[in-house]
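**Q** Listed in order, the protein sequences are those of chains B and F. In terms of the numbering used here, the first sequence opens at residue 16 and continues consecutively. In terms of the numbering used here, the second sequence opens at residue 16 and continues consecutively. Quick reminder that beta carbons are idealized off the backbone N, C-alpha and C, glycines included. Since this is a predicted model, take the numbers as computed values, not measurements.
There are 2 protein chains.
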Amino acid sequence: MMNTMEKRPVYLRVRDELADKIVSGIWQANEKLPAERQLSEQFSITRVTARQALVQLEAEGLIFRSNRRGWFVTPQRINYDPSRDIGFVSYVEEQGFSARTETLSKTLVEVPDWVADAGGIARGTPVYEILRRRYINERPCLIEKIYLNPKNCPGLLQHSLNQSLWHLLRTEYQLDPAERDLEIYPQTLDAPVAEALGVNTGSTGLYIRRVCRDQNGEFLEIDEEFWLHNAMKVVVQVSSKSL
Amino acid sequence: MMNTMEKRPVYLRVRDELADKIVSGIWQANEKLPAERQLSEQFSITRVTARQALVQLEAEGLIFRSNRRGWFVTPQRINYDPSRDIGFVSYVEEQGFSARTETLSKTLVEVPDWVADAGGIARGTPVYEILRRRYINERPCLIEKIYLNPKNCPGLLQHSLNQSLWHLLRTEYQLDPAERDLEIYPQTLDAPVAEALGVNTGSTGLYIRRVCRDQNGEFLEIDEEFWLHNAMKVVVQVSSKSL
DNA sequence: AAGTGGTCTAGACCACGTG
DNA sequence: ACGTGGTCTAGACCACTTT
């Protein structure tokens, strides 16, 4: 029974009880929580209040929702280093998870203005655009949008892109990035991305943008990643530059 | 009048109208939005629905709330490079904002276990712990918790710490970081941090952890930062390591 | 004292996913 | 067909901030 003398709002007390079942391991990763109506009955609260507790846990990353199927326990975050290119799949597998990449589309498009500006190429130039979806333990965790200058990698789209892109770029085209500019911030997922990840539009995500250049500072690749906010931790190692 | 044929939920249509006033500049940064009750009347909706729209905008980072005072338009994000130590204040001022640092506490404590492990020092060792709050345009934006090995900087706490810590460490103690390990992920703000930032417990934040080492790999500083999720963008430049 | 957001109740209907 | 979450109404009382 809950202590009714406690001043903490009801929804936070419910949150605490549910959080407890998760961190203590009573509810395992990917396990489905009881239905909202069931929870409200169990705690003698309205569904609105139950939802408030659930939304709070979602914000904390402890649970996630899948469309209209229900609420589930979030699996452990993976570590992710956007500055390395040893290959997503092997990197994730090193941590004991399974990973998979799926190519959603690969096309030649007119370069978006911001990509042209960030990459220092002329506006309107045609570039390769690759859209991929990546899974961790069969859960779709990020959408990736990649832009490449065809000048550097002609015929790239003929290859299968469900594997490490950098492995391909290195072995087939002798490309090697020397420097990367990263931009990272929390952002809500817009409709197309959210849909592709099977979550609600407007749910929280983490946005990562990566601009890779070669030794001459010439743009090699620009990559935008839209992650579920609870799927990973960014882990980067930076050496000091002499100024 | 809103198009009632539209399938988009009401709260998202309200969101759109409010978002429009913000991005179009009709409502300026830090301006207060109309009261929830006023909005619900204006749009002929319940307060619950109005709140749903506001919470959505909050998640997107477009507005923020201040205790029970109301909802306000979020000012522009600053760029933040956790790999540099040119000084927070000057870095922010370069971008046209004002900045200020406030020391909340400075003490000698027994090293927390995770700090000892991450820093490679013996558990139980005494270390300096510094707690600071940083403002951008007089808005509290982050809480910083710093751990330092007193061996490297004896007497540090006698200095004023409302300024660039690394300037102090360099000029007074000849310390210079060679390498930094960064860990970055979205996380909700716990009670003490949220209170110190004047926001609700459980609101979204961005967590940054930084471990600085010298050339010999010895731990110099560990720093935990708890940011408002909408206050900044992480911007890091990484040079490729030869593997 | 008045105004604000914070919390909560007790319902309802809808759209979608799963059997 | 049924169970699920997604949305929404029309109220209420409380705690805190501002005037």
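#1: What's the call for MET20(F), buried or exposed, on a 16-neighbour Cβ count within 10 Å?
#2: Verify the CB distance criterion: does MET16(F) have a CB-CB separation below 8 angstroms to chain B?
#3: Considering just the uninterrupted stretch of the alpha helix (DSSP H) at THR186(B), what are its terminal residues?
#4: Is DSSP giving TYR46(F) helix, strand or coil here?
#5: Where does ALA65(B) sit, in a helix, a strand or coil, going by DSSP?
#6: Measuring CA to CA, which of PHE234(F), GLN202(F), GLN230(F), GLU233(F) is closest to LEU221(B)?
#7: Answer with buried or exposed for ILE158(F), where buried requires no fewer than 16 other C-beta atoms within 10 angstroms of its C-beta.
#8: Please classify LYS22(B) as buried or exposed, where buried requires at least 16 neighbouring CB atoms within 10 angstroms.
#9: Less than 8 angstroms between the C-beta atoms of ARG80(F) and TRP86(F), yes or no?
#10: Exposed or buried, which one is PRO97(F) when buried takes at least 16 other CB atoms within 10 Å?
#11: Less than 8 angstroms separating the beta-carbons of ILE237(B) and TYR162(B)?
#12: What's the gap between the Cα of ASP100(B) and the Cα of GLN178(B)?
#13: Taking HIS244(F) as the query, report the chain B residues whose CB atoms sit under 7 angstroms from its CB, ordered along the chain.
#14: To which residues of the same chain is SER175(F) closer than 8 angstroms at the C-beta, ignoring the five residues directly before and after it?
#15: How is ASN18(B) classed by DSSP in three states: helix, strand or coil?
#16: Output yes if chain F places a C-beta closer than 8 angstroms to the C-beta of THR219(B); else output no.
#17: Of all the residues that make up the region 116-136 of chain B, which are near chain F by a beta-carbon distance shorter than 7 angstroms?
#18: Of the residues LEU146(F), LEU197(F), PHE112(F), which one's Cα is nearest the Cα of VAL250(B)?
#19: Which residues in the same chain as VAL29(B) place their Cβ atom closer than 6 angstroms to its Cβ, once the five residues preceding and following it in sequence are excluded?
#20: Apart from the five residues on each side of it in sequence, which residues of its chain come closer than 8 angstroms, Cβ to Cβ, to ALA34(F)?
#21: Tell me, to the nearest whole angstrom, how far the beta carbon of ALA193(F) is from that of ARG149(F); I am working on the premise that it is less than 8 angstroms.
#22: Taking Cβ positions only, does SER254(B) come closer than 8 angstroms to chain F?
#23: Does any residue of chain F bring its CB to less than 8 angstroms from the CB of ARG154(B)?
#24: Counting only C-beta atoms, is SER105(F) closer than 8 angstroms to chain B at any point?
#25: Cβ of CYS168(F) within 8 angstroms of Cβ of LEU190(F)?
#26: With 8 angstroms as the threshold, decide whether the Cβ of SER98(F) is near any Cβ in chain B.
#27: Please name the residue, chosen from LYS166(F), LYS160(F), GLU32(F), that lies closest to VAL208(F) on a Cα-to-Cα basis.
#28: Please confirm if LYS22(B) has its CB atom under 8 angstroms from at least one CB of chain F.
#29: Can you list, in chain order, the residues of its chain with a C-beta nearer than 6 angstroms to that of ASN94(B)? Leave out the 5 residues immediately preceding and following it.
#30: Can you give the beta carbon distance from PHE112(B) to ASN152(B), rounded, assuming they're within the 8 angstroms contact cut?
#31: So with CB distances below 8 angstroms, who are the chain B contacts of GLU210(F)?
#32: State buried or exposed for MET16(F), treating a residue as buried only when at least 16 other CB atoms are found within 10 Å of its CB.
#33: Rounded to a whole number of angstroms, what is the C-alpha to C-alpha distance between ASN245(B) and ILE199(F)?
#34: Just confirm the distance between the C-beta atoms of GLU239(F) and ARG228(F), as a whole number of angstroms; I'd bet it's less than 8 angstroms.
#35: Since THR216(B) and LEU235(B) are thought to touch, with beta carbons under 8 angstroms apart, how far apart are those beta carbons, to the nearest angstrom?
#36: May I ask you to report which of helix, strand or coil DSSP gives GLY85(B)?
**A** According to the structure data:
#1: Counting from 1 along the second sequence, the entry for residue 20(F) is found at position 5. In this predicted model, MET20(F) has a pLDDT of only 46, less than 50, meaning its place in the structure is not dependable enough to derive any value.
#2: Numbered from 1 along the second sequence, position 1 holds the residue referred to as residue 16(F). With a pLDDT of 35 at MET16(F), under the threshold of 50, the modelled position of that residue is not reliable, and the figure given next carries that caveat. Cβ-Cβ to chain B under 8 angstroms: no for MET16(F).
#3: On the first sequence, residue 186(B) is found 171 positions in, with the first residue counted as 1. Run containing THR186(B): 180-188, per the alpha helix (DSSP H) assignment.
#4: Within the second sequence, the letter at position 31 stands for residue 46(F). Note that residue 46(F) is Glu in the sequence shown here, rather than Tyr. GLU46(F): coil per DSSP, three-state reduction.
#5: Sequence index remark: in the first sequence, residue 65(B) carries index 50 (1-based). It is helical.
#6: The residue given as residue 221(B) occupies position 206 in the first sequence. When only C-alpha atoms are compared, the closest one is GLN202(F).
#7: Walking along the second sequence from the start, residue 158(F) turns up at place 143. Flag for ILE158(F) reads buried.
#8: For the purposes of this step, residue 22(B) is taken as residue 7 along the first sequence, with counting starting at 1. By the neighbour-count rule (16 or more Cβ atoms within 10 Å), LYS22(B) is not buried but exposed.
#9: On the second sequence, residue 80(F) is found 65 positions in, with the first residue counted as 1. On the second sequence, residue 86(F) is found 71 positions in, with the first residue counted as 1. Yes, Cβ-Cβ distance for ARG80(F) and TRP86(F) is below 8 angstroms.
#10: Numbered from its first residue, the second sequence carries residue 97(F) at position 82. Looking at its Cβ environment, which holds 16 or more other Cβ atoms inside 10 Å, PRO97(F) is buried.
#11: For the purposes of this step, residue 237(B) is identified with residue 222 of the first sequence, where counting begins at 1. For the purposes of this step, residue 162(B) is identified with residue 147 of the first sequence, where counting begins at 1. Their beta carbons are under 8 angstroms apart, which means ILE237(B) touches TYR162(B) by this criterion.
#12: By one-based count along the first sequence, residue 100(B) stands at place 85. By one-based count along the first sequence, residue 178(B) stands at place 163. So the two alpha carbons sit approximately 12 angstroms from each other.
#13: As a first step, residue 244(F) is located in the second sequence; it is residue number 229 there, counting from the start. The contacting residues are PRO201.
#14: Start at 1 with the first residue of the second sequence, and residue 175(F) comes out as number 160. Only THR118 meet the Cβ criterion.
#15: Position 3 of the first sequence, counting from 1, holds the residue named residue 18(B). The predicted model places ASN18(B) with a pLDDT of 37, which falls under 50 and marks its position as unreliable; any figure quoted below should be read in that light. Looking at ASN18(B) - three-state DSSP - the assignment turns out to be coil, as it is neither helix nor strand.
#16: Translated into the one-based positions of the first sequence, residue 219(B) becomes position 204. Output row for THR219(B): interface = yes.
#17: none
#18: Taking the first residue of the first sequence as 1, we reach residue 250(B) at position 235. The option with the nearest alpha carbon to VAL250(B) is LEU197(F).
#19: Taking the first residue of the first sequence as 1, we reach residue 29(B) at position 14. Around VAL29(B): PHE58, ALA68.
#20: On the second sequence, residue 34(F) is found 19 positions in, with the first residue counted as 1. Excluding residues within five positions, the ones whose Cβ falls inside 8 angstroms are LEU72, GLU75, LEU77.
#21: Counting from one through the second sequence, the residue named residue 193(F) turns up at place 178. Counting from one through the second sequence, the residue named residue 149(F) turns up at place 134. Rounded, the Cβ-Cβ distance is 25 angstroms, inconsistent with contact.
#22: Taking the first residue of the first sequence as position 1, residue 254(B) is located at position 239. Cβ-Cβ to chain F under 8 angstroms: yes for SER254(B).
#23: As a first step, residue 154(B) must be located in the first sequence, where it is residue number 139. Chain F contact via Cβ: absent.
#24: By one-based count along the second sequence, residue 105(F) stands at place 90. SER105(F) does not count as touching chain B.
#25: By 1-based counting over the second sequence, the position of residue 168(F) is 153. By 1-based counting over the second sequence, the position of residue 190(F) is 175. The answer is yes: Cβ separation under 8 angstroms.
#26: Here the question's residue 98(F) lines up with position 83 in the second sequence. True, the Cβ-Cβ gap to chain B drops below 8 angstroms.
#27: Mapped onto the second sequence, residue 208(F) falls at position 193. Taking only the C-alpha atoms, the option nearest VAL208(F) is LYS160(F).
#28: Within the first sequence, residue 22(B) is the residue found at index 7, counting from 1. Nearest CB-CB separation between LYS22(B) and chain F: not below the 8 angstroms threshold.
#29: Residue numbering aside, residue 94(B) sits at position 79 when the first sequence is read from its first letter. These residues qualify, in order along the chain: LYS248, VAL250.
#30: Taking the first residue of the first sequence as position 1, residue 112(B) is located at position 97. Taking the first residue of the first sequence as position 1, residue 152(B) is located at position 137. Yes, PHE112(B) and ASN152(B) are in contact; Cβ-Cβ is about 5 angstroms, under 8 angstroms.
#31: Start at 1 with the first residue of the second sequence, and residue 210(F) comes out as number 195. None at all; the shortest Cβ gap to chain B is about 14 angstroms.
#32: As a position in the second sequence, residue 16(F) is number 1, starting the count at 1. Low confidence applies to MET16(F): its pLDDT is 35, below 50, so where it sits in the model is not reliable, and the reading given next is rough at best. So MET16(F) counts as exposed.
#33: Within the first sequence, residue 245(B) is the residue found at index 230, counting from 1. Within the second sequence, residue 199(F) is the residue found at index 184, counting from 1. Whole-angstrom Cα-Cα distance: 12 angstroms.
#34: Sequence index remark: in the second sequence, residue 239(F) carries index 224 (1-based). Sequence index remark: in the second sequence, residue 228(F) carries index 213 (1-based). Taking a contact as a CB-CB distance under 8 angstroms, the pair GLU239(F) and ARG228(F) does not count as one, their CB atoms being some 16 angstroms apart.
#35: The sequence position of residue 216(B) within the first sequence is 201, counting from 1. The sequence position of residue 235(B) within the first sequence is 220, counting from 1. That belief does not hold up - the Cβ atoms of THR216(B) and LEU235(B) are roughly 32 angstroms apart, past 8 angstroms.
#36: Here residue 85(B) refers to the residue found at position 70 when the first sequence is read from its first residue. GLY85(B) sits in a strand when the DSSP states are folded into three classes.
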